[in-house]
Structures are given as C-alpha cells and as structure tokens.
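*Asks:*
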Amino acid sequence: MPERERFPYWRDAVCRTVFNVSIEAQPERFFARMSTRRSGAFRFATTTSSGTYELIRTQRDISRAPADHYTLYLQLSGQTVLNQTDGARPVRGKEILFYDERVPFRATLMDGVRTMAVIPRSMIDRRAPWLRRQPVQIFSGHSPYIDLARRHLVQLGAEGASLGESATALLMENVCNLLALAGAHDVPTSRLEADLQIEAMLAFCRQHLHDPSLSPQMVADHLGISLRTLHSRFRQIGSTFGRWMLEHRLDACRTALRDASQRALNISDIAYRWGFNDLSHFNKTFRQRFDCTPGEWRHADMS
Numbered sequence: 006m007p008e009r010e011r012f013p014y015w016r017d018a019v020c021r022t023v024f025n026v027s028i029e030a031q032p033e034r035f036f037a038r039m040s041t042r043r044s045g046a047f048r049f050a051t052t053t054s055s056g057t058y059e060l061i062r063t064q065r066d067i068s069r070a071p072a073d074h075y076t077l078y079l080q081l082s083g084q085t086v087l088n089q090t091d092g093a094r095p096v097r098g099k100e101i102l103f104y105d106e107r108v109p110f111r112a113t114l115m116d117g118v119r120t121m122a123v124i125p126r127s128m129i130d131r132r133a134p135w136l137r138r139q140p141v142q143i144f145s146g147h148s149p150y151i152d153l154a155r156r157h158l159v160q161l162g163a164e165g166a167s168l169g170e171s172a173t174a175l176l177m178e179n180v181c182n183l184l185a186l187a188g189a190h191d192v193p194t195s196r197l198e199a200d201l202q203i204e205a206m207l208a209f210c211r212q213h214l215h216d217p218s219l220s221p222q223m224v225a226d227h228l229g230i231s232l233r234t235l236h237s238r239f240r241q242i243g244s245t246f247g248r249w250m251l252e253h254r255l256d257a258c259r260t261a262l263r264d265a266s267q268r269a270l271n272i273s274d275i276a277y278r279w280g281f282n283d284l285s286h287f288n289k290t291f292r293q294r295f296d297c298t299p300g301e302w303r304h305a306d307m308s
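Numbering (the working numbering), first residue to last: 6 to 308.
This is the structure we're talking about:
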C-alpha cells in the first residue's frame, strides 16, 4: 500500500474494530498491521505499529456510537501513554489497561505491539461492581491475578488463534474473575462470589506451590475463610486440597525435568524445590501419574 494511504486505512480499520474511536496526529512515516477475531460476544485485536499517533474516544464518538462494553488493553512492547485530566500515565509491559467505553478516553501510542479484548459490561458488573468506581484504570503487572490474566489475553489475542467459542468463553470468564480479584482491594474474600473465592484460592496455592508448609489452614487463614468453605470450594472443582496440590507439584517437576536450564540440578533438588519433602513419595507418585520414573522422563528427552 502506498505510504500516503497507510495511515488513513489504519484509522478506518481501527475505528471499525474498536467502537468508533478517533485517531489524530498522523505520523510522517507509518507502518502497521492488525489481526482480529470475533468469538461470540467477544472481540480481539492484536496490533503492531511504528510511528506515534493519538487514540481518542470523545463524547461525540460516544453519542454517535454508544457501546455497552469494557476494553482490556495489554501492552506487549513499545509504549502507550494514557492521558487523563490528572496527568499522563504510561502503560508498561505486563500491565493491563481497563477502560469503560462509555467515558471519554485519550492515549498516545508509540510503536510496539498491543493486544485488546472487548467484553460485555455485564460480565464485569455482575461479579465486580466495585470496578465501576474507576472507569479507566491500570492494573499492576506485579499482581499474581494480573499475571495470569495477561497470559490468558496473550493466548486469546494471538494471531491465528484456533480457540473455539466455548474455550474462548471459559478463558474470558477466568480473565473477568482475575480482574475482579485484582480490583477487590477493600472487599473481604469471604464476601466474594464462590467463583471468585475459587480463583483467589487457586492463585494463592499456585504462588506458594513450592512451600512444603502449604496447608489448608494456611490458605484459609490468608483468604479469611473457614476450612469448611475451603474444602467446599475444592469439591466444586472436583478435587481436594491434597490431590490438587500433588497434581500441580508433579506437573511442575515434570516440566522442570525437561528444562535445559535446570540440567545441572539433581532430580531430588527439583523435587524439593517444588515442595516435596519425601523423595520416595515423590518417585512413587510421579510413576503413578506419568507411568515412568523421573529419571526415565528426564533421559528420554536426551536420547
């Protein structure tokens, strides 16, 4: 496409894809590409661009094309600066920008790669009404909830993603639950919906999987729920605390045994690193789960 036509084409493509936004500050040199997909009520776009431009949704845009959605915006590389009345704020890598499309919005985009997901408002509002208090906000990438949500969004927005509608819906349900937890700063876990309690419970368990002292009481105390509630939540996902923990520790060890960067570690080092404190128990349960010993699994990758 001729250089002079690139930016107008991009402006029209983005406007069609991201609910009638305006684009200003045409760059002198511009290159961009976009992959998009729809799945049920969701829309996804991943963009790569060079050059600087302004992405704007004005009150006029909102009046002309009302939208009952939220947009999740993930910066993969490059830089985006969110411009609000209280100043400018960069959106850094691993952070997620959460935006209510019913309010004006202005951002400066400078080179890089970004993934966006557009979701119905109802998915957030029914599980996390507290997010409505701040219609434009940035979630820190240091949160374990946001880290997992980011991985889901990368998978959902990947070019050529072959996820079916049911798998997409399930992942987006998880993303919404994780955002709800990340924003529930002053909401006790005991007051959250069961699905959110489960997400919080599993996120804490994953974060402390390597800790041999991880126990039901430790998890319940952290979440501020009773042991009875904790065991009930595990039953809801068809498991128990002990079974879930064992399966995930074994899976982590299985991955580590094939990791080239961990070749220098003994099998026992890997087992202890992931919370096992009895090597014979580790060897026995590993063989039961994967139908081979840890050593056989590791050396099969070398042959």
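No residue lacks a Cβ here, since even glycine has one placed at the ideal position from N, Cα and C.
If you're wondering where the values come from, they're calculated on a predicted model, not measured in any experiment.
Extract the residue ranges of the beta strand (DSSP E) inside the region 120-162, only unbroken runs of 3 or more that lie entirely within it.
*Replies:* 141-144
*Asks:* Considering only C-alpha positions, which residue in the set Pro109, Val108, Gly83, Leu87 is nearest to Gly98?
*Replies:* Along the sequence shown, read from residue 1 onward, the residue named residue 98 stands at position 93. Of the listed residues, the one whose Cα sits closest to Gly98 is Gly83.
*Asks:* Looking at the unbroken alpha helix (DSSP H) that takes in Glu106, where does it start and where does it end?
*Replies:* In the sequence shown, the residue the question calls residue 106 occupies position 101. No alpha helix (DSSP H) holds Glu106; DSSP gives it neither H nor E.
*Asks:* At what residues does the alpha helix (DSSP H) containing Asn304 begin and finish?
*Replies:* Numbered from 1 along the sequence shown, position 299 holds the residue referred to as residue 304. Reading off the sequence, residue 304 comes out as His, not Asn. Where His304 is concerned, the enclosing alpha helix (DSSP H) stretches over 299-305.
*Asks:* Could you name the residues of the same chain whose beta carbon sits closer than 8 Å to that of Ile143, not counting the 5 residues immediately before and after it, in chain order?
*Replies:* Mapped onto the sequence shown, residue 143 falls at position 138. So the qualifying residues of the chain are Leu87, Arg94, Val96, Glu100, Ile101, Leu102, Phe103.
*Asks:* From what residue to what residue does the alpha helix (DSSP H) around Ile242 run?
*Replies:* Residue mapping note: residue 242 aligns to position 237 of the sequence shown, counting from 1. Neither: Ile242 is in no alpha helix (DSSP H) and is coded neither H nor E.
*Asks:* Return helix, strand or coil for Ala93, following the three-state DSSP convention.
*Replies:* Locating residue 93 in the sequence shown gives position 88, where the first residue counts as 1. Residue state, collapsed to three classes: strand.
*Asks:* Quick check: the Cα distance between Arg294 and Asp216, rounded to an integer number of angstroms?
*Replies:* In the sequence shown, residue 294 corresponds to position 289, counting from 1. In the sequence shown, residue 216 corresponds to position 211, counting from 1. Distance between the alpha carbons of Arg294 and Asp216: 21 Å.
*Asks:* Report all residues from its chain with a CB closer than 8 Å to the CB of Glu170; omit the five preceding and five following residues, and keep chain order.
*Replies:* The count along the sequence shown starts at 1 and reaches residue 170 at position 165. Excluding positions up to five away in sequence, the list reads Ser44, Gly45.
*Asks:* Taking the alpha helix (DSSP H) that Glu327 belongs to, which residues open and close that run?
*Replies:* The displayed coordinates of the chain run from 6 to 308. Any statement about residue 327 would go beyond what the structure contains.
*Asks:* Considering only DSSP beta bridges, list what Ile61 is partnered with.
*Replies:* Here residue 61 corresponds to residue number 56 of the sequence shown, with the count starting at 1. DSSP lists Ser27, Arg111 as partners of Ile61.
*Asks:* Can you name the start and end residues of the beta strand (DSSP E) that Thr194 belongs to?
*Replies:* Taking the sequence shown and counting its residues from 1, one reaches residue 194 at position 189. First-last for Thr194: undefined, no H or E at that position.
*Asks:* So who's on the other strand from Phe47, going by DSSP bridges?
*Replies:* In the sequence shown, residue 47 corresponds to position 42, counting from 1. Note: Phe47 sits in a beta bridge opposite Ser44.
*Asks:* Do Ile242 and Val180 have their C-beta atoms closer together than 9 Å?
*Replies:* As a first step, residue 242 must be located in the sequence shown, where it is residue number 237. As a first step, residue 180 must be located in the sequence shown, where it is residue number 175. It is not a contact, given that the beta carbons lie outside the stated cut-off.
*Asks:* Going by other Cβ atoms of all chains shown within 10 Å of its Cβ, with 16 needed for buried, is Gly162 buried or exposed?
*Replies:* Taking the first residue of the sequence shown as position 1, residue 162 is located at position 157. By the 10 Å Cβ count, Gly162 comes out buried.
*Asks:* Can you have a look at His286 and say buried or exposed, based on whether 16 or more other CB atoms are within 10 angstroms of its CB?
*Replies:* What you label residue 286 is simply residue 281 of the sequence shown in a count that begins at 1. Flag for His286 reads exposed.
*Asks:* Whose C-alpha, out of Ala37, Gln160, Tyr277, is nearest the C-alpha of Tyr58?
*Replies:* For the purposes of this step, residue 58 is taken as the residue at position 53 of the sequence shown. The residue from Ala37, Gln160, Tyr277 with its alpha-carbon nearest to that of Tyr58 is Ala37.
*Asks:* Beta carbon of Arg137: closer than 8 Å to some heavy atom of the ligand NAD?
*Replies:* Absence of the ligand NAD is noted for the structure shown, with no ligands found whatsoever.
*Asks:* What is the DSSP secondary structure of Arg38, counted as helix, strand or coil?
*Replies:* The count along the sequence shown starts at 1 and reaches residue 38 at position 33. Note: Arg38 maps to strand in three-state DSSP.
*Asks:* Quick check: what's the CA-CA separation for Ala185 versus Ala133?
*Replies:* Locating residue 185 in the sequence shown gives position 180, counting from the first residue. Locating residue 133 in the sequence shown gives position 128, counting from the first residue. Each residue's Cα considered, the two are about 5 Å apart.
*Asks:* What does the Cβ neighbour count give for Ala225, buried or exposed, with the cut at 16 atoms within 10 Å?
*Replies:* For the purposes of this step, residue 225 is taken as residue 220 along the sequence shown, with counting starting at 1. Ala225 is buried by the Cβ-count criterion.
*Asks:* Report the rounded CA-to-CA distance for Thr298 versus Thr290, giving the unit in angstroms.
*Replies:* For the purposes of this step, residue 298 is taken as the residue at position 293 of the sequence shown. For the purposes of this step, residue 290 is taken as the residue at position 285 of the sequence shown. Taking the straight line from one Cα to the other gives about 9 Å.
*Asks:* Give the DSSP-derived three-state secondary structure of Leu270 in the structure shown.
*Replies:* For this step, residue 270 is matched to residue 265 along the sequence shown. DSSP places Leu270 in the coil class of the three-state scheme, outside both helix and strand.
*Asks:* Do you know offhand how far Arg62's Cα is from Arg111's?
*Replies:* In the sequence shown, the residue the question calls residue 62 occupies position 57. In the sequence shown, the residue the question calls residue 111 occupies position 106. If I take the Cα positions, the gap works out to 6 Å.
*Asks:* Have a look at the DSSP bridge pairing and note the partners of Gln222.
*Replies:* Along the sequence shown, one-based indexing puts residue 222 at 217. For Gln222, which the question treats as bridged, DSSP gives no partner whatsoever.
*Asks:* At what residues does the alpha helix (DSSP H) containing Asn182 begin and finish?
*Replies:* Here residue 182 corresponds to residue number 177 of the sequence shown, with the count starting at 1. Per DSSP, Asn182 belongs to the alpha helix (DSSP H) from 170-187.
*Asks:* In whole angstroms, what is the alpha-carbon distance linking Leu207 and Leu214?
*Replies:* Mapped onto the sequence shown, residue 207 falls at position 202. Mapped onto the sequence shown, residue 214 falls at position 209. Going by the C-alpha atoms only, they are around 10 Å apart.
*Asks:* Roughly how many angstroms separate the alpha carbons of Gly165 and Asp256, rounded to a whole number?
*Replies:* Locating residue 165 in the sequence shown gives position 160, where the first residue counts as 1. Locating residue 256 in the sequence shown gives position 251, where the first residue counts as 1. Gly165 and Asp256: Cα-Cα distance of roughly 28 Å.
*Asks:* With a threshold of 8 Å on Cβ separation, who are the neighbours of His309 within its own chain once the five nearest residues in sequence on each side are excluded?
*Replies:* Outside the shown range of the chain, which is 6 to 308, sits residue 309, and nothing can be said about it.
*Asks:* Compare the Cα-Cα distances from Asp191 to each of Arg138, Ala199, His147 and report the closest residue.
*Replies:* The residue given as residue 191 occupies position 186 in the sequence shown. For the residues Arg138, Ala199, His147, the minimum Cα distance to Asp191 belongs to Arg138.
*Asks:* Since I believe Arg238 is in contact with Ala199 (beta carbons under 8 Å), could you give me their beta-carbon distance rounded to a whole number of angstroms?
*Replies:* To locate residue 199, count along the sequence shown from 1; it is residue 194. To locate residue 238, count along the sequence shown from 1; it is residue 233. Contact holds; Cβ gap of about 7 Å.
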